[in-house]
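This report concerns only the one structure given below.
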Amino acid sequence: MLFRVILSLFLIFFFIGTPLIADPATTGEAVKKTAEQQKLEKINKELQEKQKKLTETRAKERAALSKFVVTKKQLAKTRENLNLANNKIVKNQKKLNKLASDIEATRDTIDIKSKKLKKRIVEVYKSSSVNYLEMLFSATSMADFINRSYFFSKVIGLDASLVQSISQTYHKIKGEKEELSDTTTQIRQLAADISDKKKKIAAQAEEIKDLYDDLKDRRQRYEKQVAELEASSAKLEKEILAKTSGKYGQMPDTRGSTGSLDWPLRGRITSTFGYRRNPFGRGRNFHTGLDVAAPYGEVIRAADGGEVILAGWWNGYGKAIVIDHGKGRTTVYGHMSRLYMQAGNQVKKGQIIGLVGSTGYSTGPHLHFEVRIKGKPTNPKQFLP
């Protein structure tokens, strides 16, 4: 009796603990698919990192170029100011030369006049008594003598006034020269300061130019790496899709498809189907679906019933799901934060398949939703209510 109980327990544990034997071919294919999927995820994660670096480098390159343009404008303005200062120096130097010439001429005139005045005074002094006696005896009257004496002193006074006037002009010109000389000295100092500033700005411009050239080289290198990774990713995706669904997009409508689509998510449409400004670089690119903004973690539902043919990291789509609805129609859900489905799962219309995120090439939490007919992106709005 005890033996039977023990035997029964042994058989129960044996059959419960032993897994079902899988088809070796199926197991091998699943392992191969998993390995390929892991390889794809690895490539795409590296691609995302390179794309992020490329985006950052492009932003830095634009900032450096903008700064370089500003610096070049500053340098041009500084050169202009330096030219103005140098022109002032030249003009002031000409004025100084003219004033120096005027001062020299005035000094010569003063010397000549002064010598004549001194000579006349000496002569008058030496013969003053004789002259006065002559004037006294030759005068017809006292009034005539006074008039002659006044006239004589007046002549000497005029000579003295003339010398004094010329002397005042001399001192005035000399003062103007000194003032202009001071101004010229200040302008020369200003020109020297501007010249130093010009050298610093020129050096700064050269540094920014070197930085810009370095960023440009780095950006081109990243673009090349991104292109290579995208090519590898696209090739591997094609292989995985071909193996995941041998009749991709051409199976009959037997997967729970209703033939009509519902919105997978309610939210504000931030980018429509068609050409738009490239959010990750220059120019415009073709947007293959609709971007619907929503909070991070918002639920995403299947637009229609069908079979999941891809669930995982998919190039710039990040974490994505592709559902085959039969008759050549598929829907794509990109940039998700979490996937609730795996390749091969059957889903119903309205069933939750994942959560909103910002994986892949994304600028913020949203759902990228596509409708493809025989693999070609089509405007989703013509299929949605």
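Residue 48 in UniProt numbering sits at position 48 of the sequence shown, with consecutive numbering throughout.
Every residue, glycine too, gets a C-beta built ideally from N, C-alpha and C.
Please read all numbers here as calculations on a predicted model, not as lab measurements.
Alpha-carbon spacing of Q168 relative to K67, whole angstroms: Counted from its first residue, the sequence shown places residue 168 at position 168. Counted from its first residue, the sequence shown places residue 67 at position 67. If you take the alpha carbons of Q168 and K67, they lie about 58 Å apart.
Reduced DSSP secondary structure (H/G/I, E/B, other) of A25: Reading the sequence shown from its first residue, position 25 is the one you call residue 25. Any reading at A25 must be qualified, since the residue scores a pLDDT of 45, below 50, and its modelled position is unreliable; no value is offered.
Within 8 Å, strictly: CB atoms of S260 and D304: For the purposes of this step, residue 260 is taken as residue 260 along the sequence shown, with counting starting at 1. For the purposes of this step, residue 304 is taken as residue 304 along the sequence shown, with counting starting at 1. Contact: yes.
Contacting residues, own chain, Cβ-Cβ under 8 Å from G246 (five flanking each side not counted): Locating residue 246 in the sequence shown gives position 246, counting from the first residue. Because G246 sits at a pLDDT of 48, beneath the cut-off of 50, its placement in the model cannot be relied upon, and the following sentence gives the value as read from the coordinates. None.
Residues near T26 by beta carbon distance below 7 Å, same chain, minus five either side: Residue 26 sits at position 26 when you count from the first residue of the sequence shown. Residue placement at T26 is poorly supported in this model, since its pLDDT is 44, which falls under 50; the coordinates still yield a value, given next. Contacts found: none.
Rounded straight-line distance, which links the Cα of W263 to that of G316: Counting from one through the sequence shown, the residue named residue 316 turns up at place 316. Counting from one through the sequence shown, the residue named residue 263 turns up at place 263. For G316 and W263, the distance between alpha carbons rounds to 22 Å.
At least three beta-carbon pairs within less than 8 Å, the region 195-208 to the region 77-95: yes
Of the residues A100, K349 and L215, the one placed nearest T57, counting alpha carbons only: The residue you call residue 57 lines up with position 57 of the sequence shown. Of the candidates A100, K349 and L215, the one whose C-alpha sits nearest the C-alpha of T57 is L215.
Environment of I187 [buried if 16+ CB atoms lie within 10 Å]: Position 187 of the sequence shown, counted from the start, is the residue given in the question as residue 187. With 16 or more Cβ atoms within 10 Å of its Cβ, I187 is classed as buried.
Beta-carbon separation (whole angstroms), S362 vs G297, contact threshold 8 Å: Taking the first residue of the sequence shown as position 1, residue 362 is located at position 362. Taking the first residue of the sequence shown as position 1, residue 297 is located at position 297. So it is not a contact: roughly 15 Å between Cβ atoms.
Closest by C-alpha distance to I175, when choosing among K50, E370, A227 and D102: Numbered from its first residue, the sequence shown carries residue 175 at position 175. Here residue 175 is Gly; the residue named in the question, Ile, does not match the sequence. For G175, the nearest C-alpha among the options comes from D102.
For L47 and K224, the rounded distance between their alpha carbons: By 1-based counting over the sequence shown, the position of residue 224 is 224. By 1-based counting over the sequence shown, the position of residue 47 is 47. Between K224 and L47, the C-alpha separation is close to 11 Å.
For S271, the first and last residue of its enclosing beta strand (DSSP E): As a position in the sequence shown, residue 271 is number 271, starting the count at 1. From DSSP, the beta strand (DSSP E) with S271 extends over R268 to S271.
Where K348 falls: helix, strand or coil (DSSP): Within the sequence shown, the letter at position 348 stands for residue 348. It is coil, neither helix nor strand.
Any non-hydrogen atom of the ligand MN within 7 Å of R338 CB: The ligand content of the structure shown is nil, which means the ligand MN is not present either.
Three or more C-beta pairs below 8 Å linking the region 337-354 and the region 369-383: no
Separation of F286 from R277, as counted between CA atoms: Locating residue 277 in the sequence shown gives position 277, counting from the first residue. Locating residue 286 in the sequence shown gives position 286, counting from the first residue. Straight-line Cα distance between these residues: approximately 9 Å.
Same chain only: Cβ atoms within 8 Å of T258, ignoring 5 sequence neighbours per side: Sequence index remark: in the sequence shown, residue 258 carries index 258 (1-based). So the qualifying residues of the chain are D304, G305 and K349.
Meets three-Cβ-pair contact criterion under 8 Å: the region 350-360 and the region 371-379: no
For H366 and T270, believed in contact at Cβ under 8 Å, the rounded distance: Within the sequence shown, numbered from 1, the residue matching residue 270 stands at position 270. Within the sequence shown, numbered from 1, the residue matching residue 366 stands at position 366. With 8 Å as the limit, T270 and H366 qualify as a contact, their Cβ atoms being about 6 Å apart.
Burial state of V322 (16 or more Cβ within 10 Å): Taking the first residue of the sequence shown as 1, we reach residue 322 at position 322. With 16 or more Cβ atoms within 10 Å of its Cβ, V322 is classed as buried.
T330 versus K376 - alpha carbon distance: As a working mapping, residue 330 is identified with position 330 in the sequence shown. As a working mapping, residue 376 is identified with position 376 in the sequence shown. Going by the C-alpha atoms only, they are around 9 Å apart.
Terminal residues of the beta strand (DSSP E) in which P377 lies: Here the question's residue 377 lines up with position 377 in the sequence shown. K376 to T378 is the span of the beta strand (DSSP E), which, as asked, contains P377.
One or two residues paired with F369 in a DSSP bridge: Stepping through the sequence shown from its first residue, residue 369 is reached at position 369. Paired residue(s): L290 and Y333.
Check whether Q342 and A311 have beta carbons under 8 Å apart: Counted from its first residue, the sequence shown places residue 342 at position 342. Counted from its first residue, the sequence shown places residue 311 at position 311. Yes.
Backbone CA spacing between N51 and S337 [nearest angstrom]: Working through the sequence shown from its first residue, we reach residue 51 at position 51. Working through the sequence shown from its first residue, we reach residue 337 at position 337. For the sequence presented, residue 51 should be read as Gln rather than Asn. C-alpha separation (whole angstroms): 19 Å.
Cα-Cα separation, R266 to A294: If you number the sequence shown from 1, residue 266 lands on position 266. If you number the sequence shown from 1, residue 294 lands on position 294. One C-alpha to the other measures close to 8 Å.
Same chain only: Cβ atoms within 6 Å of A231, ignoring 5 sequence neighbours per side: In the sequence shown, counting from the first residue as 1, residue 231 sits at position 231. Here the set comprises nothing.
Close beta carbons around N379, own chain, < 7 Å, minus the five adjacent residues each side: As a position in the sequence shown, residue 379 is number 379, starting the count at 1. The residues are F273.
Local Cβ density within 10 Å of I112, reported as buried at 16 or more and exposed below that: Locating residue 112 in the sequence shown gives position 112, counting from the first residue. I112 should be labelled exposed.
Which residues DSSP lists as bridging W313, in chain order: In the sequence shown, the residue the question calls residue 313 occupies position 313. Partner(s): K319.
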